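First the structure, in the form of structure tokens, and then the observations on it.
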Amino acid sequence: MMTIRPIIILPDPLLRLVSKPVTAFDARVQALVDDMFATMYDAPGIGLAAIQIGVTERVVTVDVSPKEDEKHPMAFINPEIIAVSDELNIHQEGCLSIPDYYAEVERPAAVRIRYHDANGHDHEMDCEGLLATCIQHEIDHLNGVLFIDHLSRLKRERVIKKFIKAAKRDSDD
Ligand code: GNR
Ligand code: NI
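Quick note on the numbering used here: the sequence shown kicks off at 2 and runs consecutively.
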């Protein structure tokens, strides 16, 4: 059974937790990955970290294939960046946990990652372009870091304030 799960939104404090490594590659992790794909495609988003559905485990799903192309689902368990390029890249980012806010973020243009697949097998992968941006955004989530943390303090605090107000309004009505 694949379940679309609710995505948590700023300023939910869960978004600031450091997620725990997966230690057992069992049916439960496979079910979590399946739910993450269902939730990510439904949103729709090009990536999702488990914490965004309230699960504090180091699990990421990504699909950066163009909408009109075939799906190319990728799951990364316990992903780690093992090398970064000197070259940087600026990309406009958004986040399903910070809806309708977009800003340019500078990150390494290419990264090499190490990760496990859902069966526990070890892999390394070179990422560039949108995939490099996305996987860095997702690994940030596993460490409680949001893309707004890469912006100026003024921009970041403005966004956080807006979402705190929106959450208050929602709890008042
Ligand atoms: O859907 C998403 N798009 C996106 C665009 C640029 C850089 C990163 C992303 S990830 C985001 C989905 C999300 O919030 N993942 O955590
Ligand atoms: Ni995000």
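Ideal Cβ positions, reconstructed from N, Cα and C, are used throughout, including at glycine.
Just so it is clear, the structure is predicted and the values come from calculations on it, not from any experiment.
- Taking every protein chain shown into account, the CB of S153 has fewer than 16 other CB atoms within 10 angstroms, so this residue is exposed.
- The Cβ atoms of I52 and S20 lie closer than 7 Å to each other.
- Within the DSSP secondary-structure output, L49 pairs in a beta bridge with T62.
- The set of residues whose C-beta lies within less than 6 Å of a heavy atom of the ligand NI reads, in chain order, C96, L97, S98, H138, H142.
- Assignment of H122 by DSSP, reduced to helix, strand and coil, places it in the coil class.
- Not one heavy atom of the ligand GNR lies closer than 6 Å to the C-beta of E105.
- In the pairwise beta carbon analysis, the stretch 9–17 is classified as touching the stretch 156–164: at least three pairs are separated by under 8 Å.
- I8 has its alpha-carbon roughly 16 Å from the corresponding atom of D171.
- For the ligand GNR, no non-hydrogen atom lies closer than 6 Å to the CB of G145.
- Remark: C-beta atoms of H92 and T134 approach each other more closely than 7 Å.
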